[in-house]
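K.L.:
Before I ask anything, let me first share the structure, which is written out below as structure tokens.
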Ligand SMILES: Cc1cc2nc3c(=O)[nH]c(=O)nc-3n(C[C@H](O)[C@H](O)[C@H](O)COP(=O)(O)OP(=O)(O)OC[C@H]3O[C@@H](n4cnc5c(N)ncnc54)[C@H](O)[C@@H]3O)c2cc1C
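In the numbering used here, the protein residues as written are 1 to 391.
Following this line, the structure appears as structure tokens:
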């Protein structure tokens, strides 16, 4: 039997779209080129899938049009997904900041989605590559490794470019261009930053040291942990700010987030005048990191020997530690792809193309990218749901 809805990509967005369209009684077929569906779900959240964030708002997303995501997010909320998770008896917990993770394994989320697809009568073909797509009088004709297929509705849910080893391709962008869509420049997001030369040499042997910071880029900042790696900087605060950073742009860290560095140093000078700076900093920062600051940036002397001007300078440095990143680790380790199919030519209520009737784009392929913390899956579920109601 011919399909009514063909979905390219059996990831988070594609499977949600399939479930919703299938429940409406549409004949749905999902084409996935990898040997199984949902590989990124499986590897997500360290194997426990941070499947949503209870605090999701449109402000947690980057897009050339910040309004585009509003309608879909409002109609399919974290509570809707949590309801499905609970119906399937999947135990979960909140880690921090509204982030929900499975207690056990991401496999449960993939199984839930596949079970729901089966219940909705969705047909799924894995190891199926789409070679070519043509518009036809009654919809779309696909040339695939499983033969020719046709359907009036075609949903592109093929994801972004991150983690090519997991099956990521630029396929969705090519199809968008084929049908006249603008594709906004893509780049790696939620990705570690790399350092080179002296900044790297100064920190590389501290690889594994983690500390809370506030990472600032322009008007944006994220307060969370930072991890020093043998290539540069990572950890949640750095991954978050990486999505806002462009090569060459200034970045700085507040190394004593939530504290006034000047007040802290002045107080320490009063209370512990004989203590050396590295001891004082070592009580507020990881000891090896504090020691390193005293080798590369500050003179290590008893606190009483610093002049008020020196204390002010040190405080300024601790609150605005400059980071000269040489780049990012790129798509190899990025969690997401920024940019993508321009939302100007998509309907925000249905995700349908305004240029090609019956063609839909959902999930990460679209120029909507979430912060770290379950927001990207929430966008995948919400955009998949929106298209599933219409396709
Ligand atoms: C390591 C890692 C951890 C992550 N952890 C989290 C997390 O905990 N929480 C969170 O919210 N987000 C997380 N993300 C981001 C999240 O995984 C993505 O935003 C989300 O999967 C996007 O959903 P999607 O359906 O658009 O794309 P995907 O889930 O990537 O699915 C796209 C599917 O399309 C298939 N495909 C591609 N090209 C073709 C083609 N030509 N033909 C057929 N099939 C094709 C792919 O194989 C894939 O199965 C993580 C990402 C990574 C890389």
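The beta carbon of each residue, even a glycine, is placed where N, CA and C say it ideally should be.
Check whether the region 372-390 touches the region 344-359, counting contact only when three or more Cβ pairs, one atom from each stretch, lie closer than 8 Å.
P.N.:
Contact between the region 372-390 and the region 344-359 is present, because at least three Cβ pairs lie under 8 Å.
K.L.:
Can you tell me which of 148, 168, 125 puts its alpha carbon nearest to the alpha carbon of residue 159?
P.N.:
Among 148, 168, 125, the Cα nearest to that of residue 159 is on 168.
K.L.:
In chain order, what residues of the same chain lie with their CB nearer than 7 Å to the CB of residue 35, ignoring the 5 residues before and after it?
P.N.:
Cβ within range, chain order: 126, 127.
K.L.:
Taking the alpha-carbon positions, what's the residue 281 to residue 258 distance?
P.N.:
If you take the alpha carbons of residue 281 and residue 258, they lie about 15 Å apart.
K.L.:
Rounded to the nearest angstrom, how far is the Cβ of residue 328 from that of residue 161, given a contact under 8 Å?
P.N.:
In fact, because the Cβ distance is near 13 Å, the residues do not count as touching under 8 Å.
K.L.:
Taking all protein chains shown into account, decide if residue 308 is buried (16 or more other Cβ within 10 angstroms of its Cβ) or exposed.
P.N.:
Residue 308 should be labelled exposed.
K.L.:
Quick one: Cα of residue 26 to Cα of residue 6, how far?
P.N.:
The alpha-carbon atoms of residue 26 and residue 6 are separated by roughly 10 Å.
K.L.:
Bridge partners for residue 153 per DSSP, in chain order?
P.N.:
DSSP lists 5 as partners of residue 153.
K.L.:
Under three-state DSSP, which class holds residue 44?
P.N.:
It is helical.
K.L.:
Just tell me which of 173, 32, 153, 373 has its CA closest to the CA of residue 21.
P.N.:
Of the listed residues, the one whose Cα sits closest to residue 21 is 153.
K.L.:
May I ask you to report which of helix, strand or coil DSSP gives residue 302?
P.N.:
If DSSP states are grouped into helix, strand and coil, residue 302 belongs with the strands.
K.L.:
What number of angstroms, rounded off, separates the C-alpha of residue 252 from the C-alpha of residue 4?
P.N.:
For residue 252 and residue 4, the distance between alpha carbons rounds to 52 Å.
K.L.:
Does the structure place the region 139-155 close enough to the region 115-124 that three or more beta carbon pairs sit under 8 Å?
P.N.:
Contact fails: fewer than three Cβ-Cβ distances are below 8 Å.
K.L.:
Taking the beta strand (DSSP E) that residue 361 belongs to, which residues open and close that run?
P.N.:
First-last of the beta strand (DSSP E) with residue 361: 359-361.
K.L.:
To the nearest angstrom, how far is the alpha carbon of residue 102 from that of residue 170?
P.N.:
The straight-line gap from Cα to Cα measures roughly 30 Å.
K.L.:
Taking contact to mean at least 3 C-beta pairs separated by less than 8 Å, is the region 234-248 in contact with the region 215-225?
P.N.:
A contact exists between the region 234-248 and the region 215-225.
K.L.:
Please go through the region 135-198 and give each complete beta strand (DSSP E) segment of 3 or more residues, from N-terminal end onward.
P.N.:
Segments of the beta strand (DSSP E) lying fully in the region 135-198: 139-144, 147-151, 153-156, 183-189.
K.L.:
Let me check you understand the geometry: is the CB of residue 133 closer than 7 Å to at least one non-hydrogen atom of ligand 1?
P.N.:
Result no, Cβ not under 7 Å from ligand 1.
K.L.:
Report all residues from its chain with a CB closer than 8 Å to the CB of residue 412; omit the five preceding and five following residues, and keep chain order.
P.N.:
The structure shown does not extend to residue 412, since the chain is modelled only from 1 to 391, so the question has no answer here.
K.L.:
Excluding five sequence neighbours on each side, which residues of the same chain lie with their C-beta closer than 8 Å to the C-beta of residue 372?
P.N.:
The answer, listed in chain order, is 190, 236, 239, 240, 335.
K.L.:
According to the neighbour-count rule (16 or more other Cβ atoms, all chains shown, within 10 Å of its Cβ), is residue 93 buried or exposed?
P.N.:
The residue is exposed, with fewer than 16 neighbouring Cβ atoms inside 10 Å.
K.L.:
Can you tell me whether residue 128 is helix, strand or coil according to DSSP?
P.N.:
Residue 128: coil per DSSP, three-state reduction.
K.L.:
Since residue 212 sits in a beta bridge, which residues does DSSP pair it with?
P.N.:
Bridge partners of residue 212: 225.
K.L.:
Among 15, 365, 331, 342, which one has its Cα closest to the Cα of residue 192?
P.N.:
Considering only alpha carbons, the answer is 331.
K.L.:
Out of 79, 32, 228, state which residue places its alpha-carbon closest to the alpha-carbon of residue 131.
P.N.:
Nearest of 79, 32, 228 to residue 131, Cα basis: 32.
K.L.:
Hey, would you say residue 211 sits closer than 8 Å to residue 146, going by beta carbons?
P.N.:
No, these two residues do not count as a Cβ contact at 8 Å.
K.L.:
Pair every Cβ in the region 173-189 with every Cβ in the region 45-58, then say whether three or more of these pairs are closer than 8 Å.
P.N.:
Result no; under three Cβ-Cβ pairs closer than 8 Å.
K.L.:
Please find out if some non-hydrogen atom of ligand 1 comes closer than 7 Å to the beta-carbon of residue 173.
P.N.:
False, no ligand heavy atom lies under 7 Å from that Cβ.
K.L.:
Buried or exposed for residue 466, going by 16 or more other Cβ atoms inside 10 Å?
P.N.:
In this structure the chain extends from 1 to 391, so residue 466 is not present and cannot be described.
K.L.:
Alpha carbon to alpha carbon, what distance is there between residue 356 and residue 262?
P.N.:
Whole-angstrom Cα-Cα distance: 59 Å.
K.L.:
Round the Cβ separation of residue 100 and residue 51 to the nearest angstrom and send it over; I've been treating them as touching at under 8 Å.
P.N.:
Contact flag correct, Cβ pair sits at about 6 Å.
K.L.:
May I ask you to list the residues that DSSP assigns as paired with residue 316?
P.N.:
Beta-bridge pairing links residue 316 to no other residue.
K.L.:
Let me confirm a value: residue 364 is counted as buried when at least 16 other C-beta atoms fall within 10 Å, else exposed. Which label applies?
P.N.:
It is buried - the Cβ of residue 364 has at least 16 other Cβ atoms within 10 Å.
K.L.:
In terms of DSSP beta bridges, what is residue 244 paired with?
P.N.:
Looking at the DSSP assignment, residue 244 forms no beta bridge with any residue, so it has no partner.
K.L.:
Taking all protein chains shown into account, do 16 or more other C-beta atoms lie within 10 angstroms of the C-beta of residue 29, making it buried, or fewer, making it exposed?
P.N.:
Classification of residue 29: buried, given that the 10 Å Cβ count is 16 or more.
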